[in-house]
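Asks: To start, I am sharing the structure in question, which I have written as structure tokens.
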Amino acid sequence: MILVLDLDRTLNLLYPPWIRSIRDLVPPALASRGSYEMWEWIAAHVVENNYPVHEAAVPVIRTLSAQASRVIVNTGRPEKARCATEGWLHNYFKVDQLLMRAEGDFRRTVEIKREHLIMDILPSCPGEVIYAFDDNREAVRMYQDNGAIALVAPECWIAAASVATSQYDLLKLLHDLHEAAQASVNRACMTVSGN
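See the structure below:
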């Protein structure tokens, strides 16, 4: 089993709570899409702000990590924030690999995560089941489209935390949540297409 985890709003409590993405915190003058200055600001912000861990995620990730052959964090954070990001992760989780946004890469985060999945993760673990957790529904769908059992965090942590002491129960719950999410997405696609 491979665990693939997002970081902001998945493992930590990026605040204020109405913020959807760390990009939403960027001052408007710097927020132009693809702006080098915007990503410099984000890197500095991550270094300066130590967001708290999402407490409900801790027992779930620790239980799954005990059985995982690898734990990978696949984040859209800029490479320039690697040192601060590794330090934060080390305080709470055992992580084998940290995949980040390369300097000068201004693509959408889901595109970066897809590239990391296809170029780095899948080739290194053929045949292993991948469990992916992300707060971005588009990223969750991308993982699912590539064969992973993927769930939206942090919503899944509350349900999963109640059974986190039993690996079997936790994996069964995650599988059931994944199946329900897949069925919901399939129904939504059929409704949109008129089938």
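Residue numbers (the numbering used here): 7 to 201.
Virtual Cβ for every residue (Gly too), placed ideally from N, Cα, C.
Is the beta carbon of residue 49 less than 8 Å from the beta carbon of residue 86?
Replies: To locate residue 49, count along the sequence shown from 1; it is residue 43. To locate residue 86, count along the sequence shown from 1; it is residue 80. A contact, by the Cβ cut-off of 8 Å.
Asks: Anyone know if the C-beta pair for residue 157 and residue 79 falls short of 8 Å?
Replies: Your numbering for residue 157 matches position 151 in the sequence shown. Your numbering for residue 79 matches position 73 in the sequence shown. Against a cut-off of 8 Å, the Cβ pair of residue 79 and residue 157 comes out as no contact.
Asks: Three or more C-beta pairs under 8 Å: does that hold for the segment 91-102 against the segment 116-132?
Replies: no
Asks: State yes or no: is the C-beta of residue 149 within less than 8 Å of the C-beta of residue 138?
Replies: Taking the sequence shown and counting its residues from 1, one reaches residue 149 at position 143. Taking the sequence shown and counting its residues from 1, one reaches residue 138 at position 132. By the CB criterion at 8 Å, residue 149 and residue 138 fall inside the cutoff.
Asks: Which class does residue 16 belong to by DSSP, given the choice of helix, strand or coil?
Replies: Mapped onto the sequence shown, residue 16 falls at position 10. The answer is coil: DSSP assigns residue 16 none of H, G, I, E or B.
Asks: Of the choices 182, 59, 146 and 185, whose alpha-carbon is the least far from that of residue 19?
Replies: Counting from 1 along the sequence shown, the entry for residue 19 is found at position 13. Of the candidates 182, 59, 146 and 185, the one whose C-alpha sits nearest the C-alpha of residue 19 is 59.
Asks: Run through DSSP, which three-state label would residue 125 get?
Replies: For the purposes of this step, residue 125 is identified with residue 119 of the sequence shown, where counting begins at 1. Helix, per DSSP.
Asks: Taking Cβ to Cβ, would you say residue 61 is nearer than 8 Å to residue 84?
Replies: On the sequence shown, residue 61 is found 55 positions in, with the first residue counted as 1. On the sequence shown, residue 84 is found 78 positions in, with the first residue counted as 1. Not a contact, by the Cβ cut-off of 8 Å.
Asks: Could you tell me the alpha carbon to alpha carbon distance between residue 164 and residue 21, rounded to whole angstroms?
Replies: As a working mapping, residue 164 is identified with position 158 in the sequence shown. As a working mapping, residue 21 is identified with position 15 in the sequence shown. Straight-line measurement puts the Cα of residue 21 at about 18 Å from the Cα of residue 164.
Asks: To the nearest angstrom, how far is it from the Cα of residue 198 to the Cα of residue 53?
Replies: What you label residue 198 is simply residue 192 of the sequence shown in a count that begins at 1. What you label residue 53 is simply residue 47 of the sequence shown in a count that begins at 1. Here residue 198 scores only 43 on pLDDT, less than 50, and its place in the model should not be relied on; the value that follows carries that caveat. Their Cα atoms are separated by approximately 42 Å.
Asks: Mapping DSSP to helix, strand and coil, what is residue 152?
Replies: Sequence index remark: in the sequence shown, residue 152 carries index 146 (1-based). Three-state DSSP puts residue 152 in coil, outside helix and strand.
Asks: Can you tell me whether DSSP reads residue 158 as helix, strand or coil?
Replies: To locate residue 158, count along the sequence shown from 1; it is residue 152. Looking at residue 158 - three-state DSSP - the assignment turns out to be strand.
Asks: Residue 153 to residue 146, Cα distance in whole Å?
Replies: Residue mapping note: residue 153 aligns to position 147 of the sequence shown, counting from 1. Residue mapping note: residue 146 aligns to position 140 of the sequence shown, counting from 1. Going from the Cα of residue 153 to the Cα of residue 146 covers about 11 Å.
Asks: Identify, in the order they occur along the chain, each residue of the same chain with its Cβ nearer than 8 Å to the Cβ of residue 144, setting aside the five sequence neighbours on each side.
Replies: Numbered from its first residue, the sequence shown carries residue 144 at position 138. So the list reads 116, once near-sequence residues are dropped.
Asks: Got a sec? Which residues, its chain only, sit under 8 Å from residue 195 by beta carbon, not counting five neighbours each side?
Replies: Working through the sequence shown from its first residue, we reach residue 195 at position 189. Because the pLDDT of residue 195 is 42, which lies under 50, any placement of that residue in the model is unreliable, and the question is left without a value.
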